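To keep things clear, I will list the structure first and then write my remarks on it.
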Amino acid sequence: MNKQFYFTLLGLVFGMSTMVAQSGNQILDGIGETGMIARYIFNGDAKDWSRNNLHGRIYGPNAQFEDDEKFGKVLSLPGDDKTFVSIPGEAVEGEESLSITAWVNFNADQVGQTLFDFGKDDRTHFFVSPFGTKKKDRLQAQILQNGKEKYTAHANDITIETNQWIHLAVVLDIPSKTMGIFVDGKQVGQVESMEMELEELFTHENLLYIGRSITSNNPFLNAKIHDFRLYRIPLSEQQIGRIRYIALRGGEEAVRREKPEDNLPQFETNNPQLYNSYLAGVSDVQVETKVGNLPRLPRFVKGTYKSGVQGPEVRVLWPAPTDNADVQQPGTYEVIGKVAGTNFQPKAIITVKSGDDEATPHQTLEAFELADVTLDSDALGNQTKFIENRDKFINTLAETNPDAFLYMFRNAFGQPQPAGATPLGVWDSQETKLRGHATGHYLTAIAQAYASTGYDKNLQANFAKKMDYMVNTLYELSQLSGHANVAGGPYVSNPTEVPPGDGREGFDSDLSEGGIRTDYWNWGEGFVSAYPPDQFIMLEGGAKYGTQKTQIWAPYYTLHKILAGLMDIYEVTGNQKALDIAKGMGSWVHARLSQVPVDTLISMWNTYIAGEFGGMNEAMARLYRITNEHRYLEVAQLFDNIKVFFGDAEHSHGLAKNVDTFRGLHANQHIPQIMGALEIYRDSEIPEYFRVADNFWYKAKNDYMYSIGGVAGARNPTNAECFIGQPATLYENGFSAGGQNETCATYNMLKLTRNLFMFDQRTELMDYYERGLYNHILASVAEDSPANTYHVPLRPGSIKRFGNADMTGFTCCNGTALESSTKLQNSIYFESHDHKALYVNLFVPSTLQWKERNITVEQKTTFPKEDHTQLIIKGKGKFNLNVRVPQWATKGFYVKINGKEEKVLAQTGSYLTLSRNWKNGDTVDIKMPFQFHLDPVMDQQNIASLFYGPILLVAQEPEARNDWRKVTLDASDLGKTIQGNPEKLEFTIDGVVFKPFYETYGRHSVYLDVTLK
Ligand SMILES: [Zn+2]
């Protein structure tokens, strides 16, 4: 396949120059890779070409790979009752819908042959018979349950020809309750009103056969097969047609210009919705900016409403230029905004001033160490969701065997495995080019778990032992690199002189058991990874993302996790070896990247996934902060994503000048880079780095955020992990099929948010933090295990899918989940550098040991099951107690000190300062009445989420659905139409139950179609 083609296609279809930066496998035949489960091309083996590594296995003696005129090499199955292909049973586990497409060329029309047969056993399965079964002739797709035929999509009018290539597809579309069967791009059979969930058909150990039946005594397939694909999204006829069309033209034909299709309900664009239907006027705004910097336009402005309705501030949709041409000269100009569904045209009058840019803030706050804050039971003695989730992770982490996390490192260095060591699966398996990433998260998690388990000395000792063992082993391996393996033997110590593997022409990413190079003496001093140096070197040479030997995954992404984990261990325990490994590898990276031309760096860091480097810039800047060795700051800056940060090599615009340069890009590839920019600012105080982070955050939160706090999930471009193609168009371009809101992206957004707050105490930062923490991170963990979410789906009637319960196979999000749930207490309190102020950001039952002041602060509450909290001060002294007054606290914020009402002016969306000479035993009671409020999608206001205080309430759905649940609420007081029990956070609207998202495990609707009356 021609990768260049897809990237051109993307540019063509969406006409967005920023998208051109991201090429690679992300979109195949117009469908994002997040929709794909597996792909078997069968051109010489049964390997999965997708990133999921669900490699197939060929059984039987007579399978052959034959040359074919149309498709090159294809798999030929002889129909000998022995030969077939099996694919891993977990491939379909937990999926919501399923589509299967394949090219087949039948040698014989024998009745009873099976193209594929998938199911949990021989009584419950799903198969396609191209020439009919004994009972029913002709092509059909059949679902059997408990031995009984349940549904059959029958193509009565079609006779499948032999000895010619046919494109076959079957789609199980659960929300639409249909099963469709397609031949050569056309639908030829369908079942409607199908009442079933895929979990009735599949479990975690399924039989997935291509070319044979699960039940015995059916003939095996006698046919040639090419490009067998599994998708987790229900493909449309148009998409299936396109897959076929492109294949017939060798993958290179240009495709019609069209918007990606979708089945989201559409609404009239000139129909004012929700509060906008009561809108009487919208204010204009005046904004100042400095030459070169796009103004920061307020996303919400004052509105006036009719009919006595007290509406919220009005969401304005402003144009979003792709450069800073409008602000090159001093003067004034006007920008016209839109209000969704209305003809209002609010104006922003912008004054562009000359002179120096505004000064950027210094860091004035810092977080407490994890060990200083303990999570407590709530005021009624019950476990909180925080403790529940923490314990699921800590207890399972304690059971892990470090050798599993060291397996691929030892494998890369050709070292023997200790007895009992077994490799991890998923993205750390033998041939996966990202292997080692989970190890990095693991290092961080055990460091955090160690620091957080002061309440249990046994647990703490367990994690201490694990840390030592991990660091010692990694240290020993890193010391092998670039040194002779036998006395007097050859070696290459200079990282820039690493040769290709012995007997190879060039570098390759072969990690297979027989193919991986293990000549560590040639790898340069300091090198450490779970694979040889080739992927790093290939990236410099322009290698792209993919599963072939000539392709790579994301070498620096993985490295970032490992280095961050080592520094976390160093900072928690002072383990010098951990720091030495990080320094050695930091120097290796410095040696290589400092020789790479800037143009090459720009193109590397803008390569989709291959150039994803996590927070390497953050890790290197942090290493500089720890060691004071300047070269590490230099490396950090070599990771500048110049295009996104500064527009171009001349730094003419970019995020530093408030230009949105990240639209349509991969979210989790870029958020950590922004965090790196902030860390570089912290260590260098070069102002443009701060502006990059600050401008990014404001845009991400206001123009890309879903109600749970996630920021990824594009339908356009068709990739659930990307930012939408244009800002503030979540309904038009978001709500991707197959899930949105990659959980690791929210992990990173929270980290960025708290770090920004250390510089700039804007309440909206910690308001966002609270939203993402309660409604995404807490909501991402399974009910009774530490299994957790990758994407979190927000379409109507969705269901969360949890993975990695036993910590043996990690995706990116399974990795960050280890970190999130072992540091849940890390942002409840901050202090000022001078120890004169304490910040209370979150209302979580907990105890803070404020060592510098010899003060303990206890927070007693059942929040959010009640709307108040109590702080008890033990110890004494003068300090400012700053308490967050959340934006949602619109019904007042009441403070009592030692039982006596305080007259305070608490403004929502600010921090309230209580300045006092505190005495031992002082109590502060805070009441912040909750109320119901809606969070509408900016460009489609009737599609909204319901909140009670900070808590997202979601409709509990009985089954899958395609349309948004309709709800009518009272315009003057939403609460009038909602019944329920605030102490349980359980409510009903028209008989439908609403619960917090973090207590929802079944089907749910996060967004509703709301009418106000
Ligand atoms: Zn992820």
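So in the numbering used here, spot 821 of the sequence shown is number 811, and the numbers just go up one at a time. Even for Gly, the Cβ is constructed at its ideal location relative to N, Cα and C. Computed from a predicted model, the values in this text were never measured in an experiment.
The C-beta of Arg47 has fewer than 16 other C-beta atoms within 10 Å across all chains shown, which makes the residue exposed. If the five residues before and after Thr990 are omitted, its C-beta is found closer than 6 angstroms to the C-beta atoms of Val944, all from its own chain and listed in chain order.
With respect to the 8 angstroms criterion, Gly700 and Asn745 are not classified as neighbours on the basis of their beta carbons. The three-state reading of DSSP puts Trp578 in helix, counting H, G and I together. Distances between the C-beta of Tyr759 and the heavy atoms of ligand 1 are all 7 angstroms or more. A direct Cα-to-Cα measurement between Asp684 and Arg286 gives close to 11 angstroms. The beta carbon of Val588 is closer than 7 angstroms to those of Ala639 in its chain, skipping five residues each way along the sequence. Nearest neighbour of Ile916 by Cα position, chosen from Met457, Lys456, Ile887, turns out to be Ile887. Within the DSSP secondary-structure output, Asp71 pairs in no beta bridge. Here the C-alpha atom of Tyr440 lies approximately 12 angstroms from the C-alpha atom of Tyr432. In this structure, the alpha-carbon of Pro408 lies about 32 angstroms from that of Gly536. CA-CA distance, Thr733 to Lys790, rounds to 11 angstroms. Using a cutoff of 7 angstroms, the CB of Asn658 counts as near ligand 1, since one of the ligand's heavy atoms is closer than that. For the segment 188 to 251, the continuous alpha helix (DSSP H) assignments of 4+ residues that do not extend past its boundaries occur at 227 to 238, in sequence order. Here Phe747 is actually not in contact with Met739; their C-beta atoms are around 13 angstroms apart, not less than 8 angstroms. For Phe106, no alpha helix (DSSP H) encloses it; the enclosing beta strand (DSSP E) starts and ends at 106 to 109. Between Tyr819 and Leu808, the C-beta spacing is not below 8 angstroms. Taking C-alpha positions only, Leu88 is separated from Ile223 by approximately 6 angstroms.
Taking 7 angstroms as the cut-off, one finds at least one heavy atom of ligand 1 near enough to the beta carbon of Cys803. In the structure shown, Gly555 adopts helical secondary structure according to DSSP, grouped into three states. When only Cα atoms are considered, Lys956 and Val1000 end up about 6 angstroms apart. Under the 10 Å beta carbon count, Arg761 is surrounded by 16 or more other beta carbons and is classified as buried. Counting along the chain, Asn685 sits inside the alpha helix (DSSP H) bounded by residues 677 to 693. Residue pairing for Cys712: DSSP places it in a beta bridge opposite His656.
In its chain, beyond the 5 residues on either side, Gly331 have a beta carbon closer than 7 angstroms to the beta carbon of Asn260. Under the criterion of beta carbons closer than 8 angstroms, Ser822 and Thr354 qualify as touching, at roughly 6 angstroms. Within the chosen limit of 7 angstroms, ligand 1 reaches the beta carbon of Thr733 through at least one heavy atom.
For Arg380, the uninterrupted alpha helix (DSSP H) run begins and ends at 375 to 389, by DSSP.
Inter-residue distance for Gly298 and Asn706 is about 39 angstroms (C-alpha atoms, whole angstroms).
A distance below 8 angstroms separates the beta carbons of Val118 and Val160.
Below 8 angstroms, enough C-beta pairs join the segment 642 to 651 and the segment 313 to 326 to call them touching: three or more.
Beyond the five residues adjoining it in sequence on each side, Glu602 comes within less than 6 angstroms, by CB distance, of Ala544, Tyr547, Gln659 in the same chain, given in chain order. Residue range 447 to 470 is occupied by the alpha helix (DSSP H) that includes Met460.
Measuring C-alpha to C-alpha distances from Phe108 to each of Asp163, Ile204, Lys72 identifies Ile204 as the nearest.
Its chain contains Ala411, Pro413 as the residues whose beta carbon lies nearer than 6 angstroms to that of Tyr397, once the 5 sequence neighbours on both sides are disregarded; these appear in chain order. CA-to-CA, the gap between Leu998 and Arg785 works out to about 10 angstroms.
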